[in-house]
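*Asks:* I have a structure here, written as structure tokens, and I will follow up with some questions on it.
Below you can see the structure in the form of structure tokens.
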């Protein structure tokens, strides 16, 4: 069947939850190409807008390239630009674009929440609450707001609320056939539910149980790993199989670091994020590394510059000691 640009755009605009964007993005790309070839500029603009809405979730660099072709962004394109900049860790550029952003639509409120989170988690949660209570919220924005709020509430220690939000994401994923997002939400729902329900299990206990789980059955050779923590290597092995899951690797790694921090193991949290970002950039690409580095920046903001320098010095000493296992001739 030879579909028209309008039919491809209709496919592109169907509900797409979180990371399940491959099929609608391909339809948006096809709609854009056909509309351009047939001299339909208005339709091409709509297709480009939808394409960047989808790409910024999984390929922020590509989204920015596409947005760069469209002049000064506004509305949905401005939101996509800010989202992409935040994913890439380009925080100051994102902040500079913020004055042009609206504050009333649910989609605008989610972006405002992400900007607020850079400095004020409580304010960020208020923005998300506003988005979720807005009667105009659509399923895509609702899923994104729940995903963010679930993780941010868990950071405060409210694991039951975090689990509830991811249960809601699971239902949205089921409703709209988003298998990848369902798997991701299920992982977080299970993790937060366990932390909430297991009496006597604190954040550190859960972090240690996750570390053991991800390294079980994985070959761990310290002479090959060097300074890379075993659990970071284990996560990479688990989520870089025949069907790589970079989003799940990234989010699980950040969560383990958060649990270690909550349990008072700042040094472990620091090296988890540091080397997790290093591996993410090598294996999955810079956008996933940027997400992890944003979490590392938040950790350093929370501990302050003096403690931050101590963590950096610790990581350097640790790396030097472990690298001697790899290069004993340097001892």
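Numbering (my numbering), first residue to last: 13 to 343.
Quick reminder that beta carbons are idealized off the backbone N, C-alpha and C, glycines included.
Since this is a predicted model, take the numbers as computed values, not measurements.
If you check the beta carbons only, do residue 96 and residue 76 fall under 7 Å apart?
*Replies:* The residue given as residue 96 occupies position 84 in the chain shown. The residue given as residue 76 occupies position 64 in the chain shown. The answer is yes: Cβ separation under 7 Å.
*Asks:* Please work out which residues of its chain come closer than 7 Å, Cβ to Cβ, to residue 269, disregarding the five sequence neighbours upstream and downstream, and give them in chain order.
*Replies:* Position 257 of the chain shown, counted from the start, is the residue given in the question as residue 269. Cβ within range, chain order: 281, 284, 285 and 307.
*Asks:* Among 262, 243, 93 and 208, which residue has its Cα nearest to the Cα of residue 227?
*Replies:* Looking up residue 227 in the chain shown gives position 215. Residue 243 is the option with its Cα nearest to residue 227.
*Asks:* Going by the CB atoms, is the gap between residue 99 and residue 72 shorter than 7 Å?
*Replies:* Position 60 of the chain shown holds residue 72. Position 87 of the chain shown holds residue 99. Yes, these two residues count as a Cβ contact at 7 Å.
*Asks:* Whole-angstrom Cβ separation of residue 49 and residue 21, contact assumed at under 8 Å?
*Replies:* Here residue 49 corresponds to residue number 37 of the chain shown, with the count starting at 1. Here residue 21 corresponds to residue number 9 of the chain shown, with the count starting at 1. That belief does not hold up - the Cβ atoms of residue 49 and residue 21 are roughly 14 Å apart, past 8 Å.
*Asks:* Where are the alpha helix (DSSP H) runs, 4 residues long or more, that stay fully inside the segment 181-263, in chain order?
*Replies:* Runs of the alpha helix (DSSP H) inside the segment 181-263: 191-209, 215-227, 234-237 and 242-251.
*Asks:* Among the candidates 200, 237 and 108, whose CA atom is the shortest distance from the CA of residue 332?
*Replies:* Walking along the chain shown from the start, residue 332 turns up at place 320. The shortest C-alpha separation from residue 332 is found at 237.
*Asks:* Let me know the secondary structure DSSP gives residue 131 once reduced to three states.
*Replies:* For the purposes of this step, residue 131 is taken as residue 119 along the chain shown, with counting starting at 1. It is coil, neither helix nor strand.
*Asks:* Pull up the distance between the alpha-carbon of residue 167 and that of residue 264, whole angstroms please.
*Replies:* Position 155 of the chain shown, counting from 1, holds the residue named residue 167. Position 252 of the chain shown, counting from 1, holds the residue named residue 264. In a straight line, the C-alpha of residue 167 is about 13 Å away from that of residue 264.
*Asks:* Residue 50 lies in the alpha helix (DSSP H); which residues open and close that run?
*Replies:* As a first step, residue 50 must be located in the chain shown, where it is residue number 38. No alpha helix (DSSP H) contains residue 50, which DSSP labels as neither H nor E.
*Asks:* Please report how far the alpha carbon of residue 300 lies from the alpha carbon of residue 101, in whole angstroms.
*Replies:* If you number the chain shown from 1, residue 300 lands on position 288. If you number the chain shown from 1, residue 101 lands on position 89. For residue 300 and residue 101, the distance between alpha carbons rounds to 10 Å.
*Asks:* Restricting to Cα atoms, I'd like to know which of 87, 247 and 314 is closest to residue 229.
*Replies:* What you label residue 229 is simply residue 217 of the chain shown in a count that begins at 1. The shortest Cα separation from residue 229 among 87, 247 and 314 belongs to 247.
*Asks:* Please classify residue 16: does DSSP put it in a helix, a strand, or coil?
*Replies:* Locating residue 16 in the chain shown gives position 4, counting from the first residue. Reduced to three states, the DSSP call for residue 16 is coil.
*Asks:* Buried or exposed for residue 159, please, with buried defined as at least 16 other CB atoms from any protein chain shown within 10 angstroms of its CB.
*Replies:* Numbered from 1 along the chain shown, position 147 holds the residue referred to as residue 159. Counting Cβ neighbours within 10 Å, residue 159 comes out buried, since at least 16 surround it.
*Asks:* Give me the residue from 140, 151 and 324 with the minimum Cα distance to residue 309.
*Replies:* For this step, residue 309 is matched to residue 297 along the chain shown. Minimum Cα distance to residue 309 is reached at 324.
*Asks:* Return the CA-CA distance between residue 109 and residue 298, expressed in angstroms with no decimal places.
*Replies:* Here residue 109 refers to the residue found at position 97 of the chain shown. Here residue 298 refers to the residue found at position 286 of the chain shown. Going by the C-alpha atoms only, they are around 22 Å apart.
*Asks:* Do residue 304 and residue 190 count as a contact pair if the criterion is CB distance below 7 Å?
*Replies:* For this step, residue 190 is matched to residue 178 along the chain shown. For this step, residue 304 is matched to residue 292 along the chain shown. No; because the gap between Cβ atoms is not below 7 Å, this pair is not in contact.
*Asks:* Which of the three DSSP states, helix, strand or coil, is assigned to residue 329?
*Replies:* Here the question's residue 329 lines up with position 317 in the chain shown. Reduced to three states, the DSSP call for residue 329 is helix.
*Asks:* Since residue 88 contacts residue 79 with CB under 8 Å, what's their CB separation in whole angstroms?
*Replies:* Here the question's residue 88 lines up with position 76 in the chain shown. Here the question's residue 79 lines up with position 67 in the chain shown. That belief does not hold up - the Cβ atoms of residue 88 and residue 79 are roughly 10 Å apart, past 8 Å.
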